[in-house]
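Chains as they are written, first to last, in this note's numbering: chain G, 184 to 524; chain C, 217 to 738.
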């Protein structure tokens, strides 16, 4: 295995980690806007992710930094190409981050409602936009011979990408509902369970359609030279769909832990499938396949990758250990009675 | 306006706006995490309530700042790719690793442990909980160090070669991380951060005491006074100590810069011609086009001292340096002039505001020292309003006392202004280079991003940041005005709860007291 392949794997893992973790906190953010009935229930939901959302978001920053270090061409082309979309995502992440912190810093209904609306809208938009962005990455965008994105904003809006957007939106909401069901007590728990069943059903339809479309488009005949072939992505697709259906079944049986674990498997498998169908490209060109950015032409030199590999091997276990410990410390369920006045 | 020029100008404005705004919060995050950790440690070691209350108070203000620092930092990481894609492509091999390490080593540490600290008051044993805020503080330092080593590489590129593909490639990560530029710049930035934190404490604690003094004796809150007075003294000591270190590190950094970027320092001094001995310019009004100063107040020989540690060696001027750069890199000498009025005044504002804060710290320490402030015949309880004493016999007159508290309250802003000008000076003094001597700023931008998109994003960020600034200041004001909390320290150490249905070792792992209100909740 070349170091470039290894770093493709690392970046895939970072995105998978990001979507697994921040996926449920986007979902909880959306549920705050639709499921909670009163102020205390909203606070219960917000507090289920209170101690961890910030740590979850760092997975994104790490994915960004790792892409910059390991695949500078990918980083440069992608973020200058998706300029306006990324702008919207950044604005949402800013507003969302301060919404958590600032909502409770003032009493006053209007103040708190405004931040709850902000939390809802930004969580929804980001959950949607990540799907749009990744669908476009997998499908390929207009990249010219100079490795520069020459399309416009509207080129990013197409049927496949929109389907991708709705898929992540519902998948993350389902994942969030499964998480909230695991973390809450009382009436709010019953309500998020119902939300899980509903959004899970919609997700099953959307995700199957999106992943099958991906498999047909990217997985079978269209595998680029050096790719892994359609078999691996097909396997990931099957795992994703089976996990999703089982997660739904467990949600119905009120087995919250299993339901959450399996919604997590769905996220992992679905994102893995996108990366599997992408490999060995990192950003395919829809204009000419030979202009595509690949793990080899977009990567850093060997020395940089070696340095980064050492750092990653030393630090990753440490980070995983203390993040896991955080979840252990805050493992208790929260009910409305746990919310101070 | 020339469209190509507009492209670069707007991208630079966006970088300037987002960076300066981000850097209002960074120094406070670095220093307040450390100061809060110190206060919490003092509470654990002494058990005195005033330390607990101060920890809670500064912790809350710290969190409001931290939230803004974190969210504005996300933009910083991605805008290299958005507006400066040719730069990112060229330097990714060298500039990317410190950024990735920052995320992996520092961000995870900060953001995970801050969650544990906020929500862990009743979940973690006291010492472990206190260790969490120390972890956050260490994380902020790592984070600062990695980003400063990346910036230092732009100031003084080392440890790389330009590869066959025309991109910079890393040779030696140790040189990038630990070259003298990075070490000195980090030293200077961290000490300036503590200067900001000290001033923040002095400003707010001073305000709280000033407000208490105005109240009638019966309305005064003893709880607040003890903690406010401790905070004031802590802030003053921080100001004085870090002020000295800022000056030392600034002097060292200046010497490094005289060597590595003579143009930056010449333009910081508006020193047009090479002079030996070179004078330090205190005030100058000049004409960039004609290349001379019309009004000039100078201190003879001081610039030679700043550059070389002696009072007679020559310091190269703007014209000679520009001519040398033009001979080396091509083009006209004037192409190598940074914006001289900005660098000249930026340098002065940086030093001026920093020095002023330091002097206020010294004055404050003297005015509030125990012997005078609490001279035996005036000594009152720990929780009573201090009067400012000039000697054991005479109180400072009412007018001076009033103004000394007002100045204390406004100290808050001085280092922040100094920091901002410091960065503006550092970054603009490097122009026209983005990577000094290697890549010009004009060649670094994204070729495919239209001016329309840039204008749009600049507008969005500026408006968003303006709105957030108003909200942030409102919140800080609200919490500063609310004063030191009356909250009692937790009497029960969570560690004391043994295993059993109530403890963490409960059978279902959820504990029997899950309905007990959380110590902190959003």
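Positions of the beta carbon are idealized from the N, C-alpha and C atoms, including for glycine.
Does the distance from the CB of residue i to the CB of residue j come in under 9 Å?
i                      : j                      : result
residue 306 of chain G : residue 210 of chain G : yes
residue 244 of chain C : residue 412 of chain C : yes
residue 465 of chain G : residue 191 of chain G : yes
residue 400 of chain C : residue 678 of chain C : no
residue 456 of chain C : residue 421 of chain C : no
residue 256 of chain G : residue 484 of chain G : no
residue 264 of chain C : residue 703 of chain C : no
residue 223 of chain C : residue 647 of chain C : no
residue 302 of chain G : residue 216 of chain G : yes
residue 492 of chain G : residue 456 of chain G : no
residue 634 of chain C : residue 565 of chain C : yes
residue 211 of chain C : residue 485 of chain C : Any property of residue 211 of chain C remains undetermined from this structure, which presents chain C solely from 217 to 738.
residue 272 of chain G : residue 242 of chain G : no
residue 479 of chain C : residue 538 of chain C : yes
Check whether the Cβ of residue i lies closer than 8 Å to any heavy atom of the ligand PLP, and answer yes or no.
i                      : result
residue 312 of chain C : The ligand PLP is not among the ligands present in this structure, which contains no ligands whatsoever.
Can you list, in chain order, the residues of its chain whose CB lies under 8 Å from that of residue i, leaving out five sequence neighbours each side?
i                      : result
residue 340 of chain G : 315
residue 317 of chain C : 362
residue 510 of chain C : 501, 502 and 503
residue 328 of chain G : 471 and 474
residue 299 of chain G : 215, 216, 225, 282 and 286
residue 274 of chain C : 248, 251, 252, 255, 417 and 447
residue 325 of chain G : 332, 333, 334, 338, 468, 469 and 470
residue 626 of chain C : 419
Along chain G, in chain order, which residues have C-beta atoms closer than 8 Å to that of residue i?
i                      : result
residue 323 of chain C : 241, 244 and 245
residue 288 of chain C : 277
residue 676 of chain C : 270 and 274
Residues in the same chain with beta-carbon distance under 6 Å from residue i, minus the five sequence neighbours each way, listed in chain order, please.
i                      : result
residue 571 of chain C : none
residue 595 of chain C : Below a pLDDT of 50, predicted positions are generally treated as unreliable, and residue 595 of chain C, at 47, falls in that range; no measurement from the model is reported.
residue 276 of chain C : 695
residue 607 of chain C : Because the pLDDT at residue 607 of chain C is just 47, under 50, the model does not fix this residue reliably, and the point stays unresolved.
residue 493 of chain C : 517, 520, 527 and 528
residue 310 of chain G : 209, 351, 352 and 355
residue 231 of chain C : none
residue 200 of chain G : 242
residue 590 of chain C : Low confidence applies to residue 590 of chain C: its pLDDT is 46, below 50, so where it sits in the model is not reliable, and the reading given next is rough at best. If we look at residue 590 of chain C and ignore the five residues flanking it on each side, it has no Cβ neighbours.
residue 307 of chain C : 384
Can a CB atom of chain B be found closer than 9 Å to the CB of residue i?
i                      : result
residue 556 of chain C : This model lacks chain B altogether; the protein chains it does include are G and C.
Name the chain G residues that come within less than 9 Å of residue i, Cβ to Cβ?
i                      : result
residue 669 of chain C : 266, 267, 270 and 336
Short of 7 Å in beta carbon distance, which residues of its chain neighbour residue i, apart from the five on each side in sequence? Order them along the chain.
i                      : result
residue 461 of chain C : 407
residue 368 of chain C : 395, 397, 398 and 401
residue 411 of chain G : 459 and 462
residue 317 of chain G : 347 and 457
residue 426 of chain G : 445, 448, 449 and 452
Who are the neighbours of residue i on chain C, taking C-beta pairs under 9 Å?
i                      : result
residue 486 of chain G : 309, 385, 386, 387, 388 and 389
Give the residues of chain G in contact with residue i, contact being defined as C-beta atoms less than 7 Å apart.
i                      : result
residue 420 of chain C : By Cβ distance, chain G contributes nothing, its closest Cβ being about 16 Å from residue 420 of chain C, past 7 Å.
residue 680 of chain C : 274 and 277
residue 458 of chain C : Simply none; closest approach about 27 Å.
For residue i, go through chain C and note every residue whose CB falls closer than 8 Å to its CB, in chain order.
i                      : result
residue 506 of chain G : 324 and 328
residue 490 of chain G : 313, 386 and 389
residue 233 of chain G : 331, 334, 335, 737 and 738
residue 332 of chain G : 664
Since residue i meets chain C, which of its residues come closer than 7 Å, beta carbon to beta carbon?
i                      : result
residue 529 of chain G : Residue 529 of chain G lies beyond the stretch modelled for chain G, which goes from 184 to 524, so this question has no answer here.
residue 263 of chain G : 297, 298, 301, 662, 664 and 665
Short of 9 Å Cβ to Cβ, which residues in the segment 304-321 of chain C face chain G?
304, 305, 306, 307, 308, 309, 310, 311, 312, 313, 314, 315, 316, 317, 318, 319, 320 and 321
By the 9 Å beta-carbon criterion, what residues does the segment 330-357 of chain C contribute toward chain G?
330, 331, 332, 334, 335, 336, 339, 340 and 351
Which runs of the beta strand (DSSP E) spanning at least 3 residues fall entirely within the segment 475-515 of chain C, listed in chain order?
496-503 and 508-515
Complete runs of the alpha helix (DSSP H) confined to the segment 230-305 of chain G [at least 4 residues]:
236-253, 255-264 and 266-286
Closer than 8 Å, Cβ to Cβ, to anything on chain C: give me those residues from the segment 453-464 of chain G, in chain order.
none
At what residue ranges does the segment 375-455 of chain C contain a whole run of the beta strand (DSSP E), taking only runs of 3 or more?
376-378 and 384-386
Of all the residues that make up the segment 217-250 of chain C, which are near chain G by a beta-carbon distance shorter than 9 Å?
none
Within 7 Å of chain C by C-beta, residues of the segment 496-522 of chain G in sequence order:
498, 502, 505, 506, 509, 512, 513, 514, 515, 516, 518, 520, 521 and 522
So if I threshold CB-CB distances at 7 Å, which residues from the segment 357-378 of chain C count as touching chain G?
none
Output, in sequence order along the chain, the residues in the segment 276-295 of chain G whose CB is closer than 9 Å to any CB in chain C.
276, 277, 278, 279, 280, 281, 283, 284, 285, 286, 287, 288 and 289
Listed from N- to C-terminal order along the chain, which residues in the segment 529-541 of chain C have their beta-carbon within a distance smaller than 9 Å of any beta-carbon of chain G?
none
What residues in the segment 647-660 of chain C bring their beta carbon closer than 8 Å to a beta carbon of chain G?
none
What residues from the segment 687-711 of chain C come within 8 Å of chain G, judged by C-beta to C-beta, listed N to C?
687, 691, 694 and 695
Just by C-beta distance, which residues in the segment 270-294 of chain C are closer than 9 Å to chain G?
276, 279, 280, 282, 283, 284, 286, 287, 288, 289, 290, 291, 293 and 294
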